[in-house]
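In the numbering used here, the protein residues as written are 262 to 395.
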């Protein structure tokens, strides 16, 4: 098999600038670049984690359809080391849609959801499977 990893997850947004600032502030991502698409209308921004370019988040601005033919992303999950500290930090930022509490799965992994600036579902996940989010 030649598939090795997730390259990036694309999320449709209404403002590249607002979303880049949000993902930098809330998820600690680093903005790599913003570039126009070949059609000159859509703009793309790519973000990754500082010191690691293994996986990227692609923000897509200017898509005119209500829903991309490729489908809708249900959520983007970020792996964290300390779920309780992150829950308190995200709560202090006043982000929308924050879960009322942290959920603990039967295997001990823990998570919570909140919304990005365009209502996208975001998850912070502390795994018991050696640090991988799902």
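For each residue, glycine too, the CB sits at the ideal point set by N, CA and C.
| query | result |
| --- | --- |
| 4 or more residues per run - each alpha helix (DSSP H) lying fully within the stretch 293-375 | 344-353 |
| Residue 308 classed as buried or exposed, judged by whether at least 16 other C-beta atoms fall within 10 angstroms | buried |
| Opposing strand residues paired with residue 291 [DSSP bridges] | 309 |
| Simplified DSSP state of residue 277, which is helix, strand or coil | helix |
| Reduced DSSP category for residue 268 - H, G, I as helix; E, B as strand; rest coil | coil |
| C-alpha gap between residue 268 and residue 384, whole angstroms | 18 Å |
| Spatial distance of residue 302 from residue 296 (CA atoms) | 11 Å |
| Whole-angstrom distance between residue 290 and residue 345, CA atom to CA atom | 20 Å |
| Element boundaries [beta strand (DSSP E), containing residue 384] | 382-387 |
| With 16 other Cβ atoms within 10 Å as the buried cut-off, status of residue 412 | Residue 412 lies beyond the stretch modelled for the chain, which goes from 262 to 395, so this question has no answer here. |
| Nearest neighbour of residue 396, chosen from 343, 276, 294 [CA to CA] | As shown, the chain starts at 262 and ends at 395. That puts residue 396 outside it, with no answer to give. |
| For residue 357 and residue 270, the rounded distance between their alpha carbons | 21 Å |
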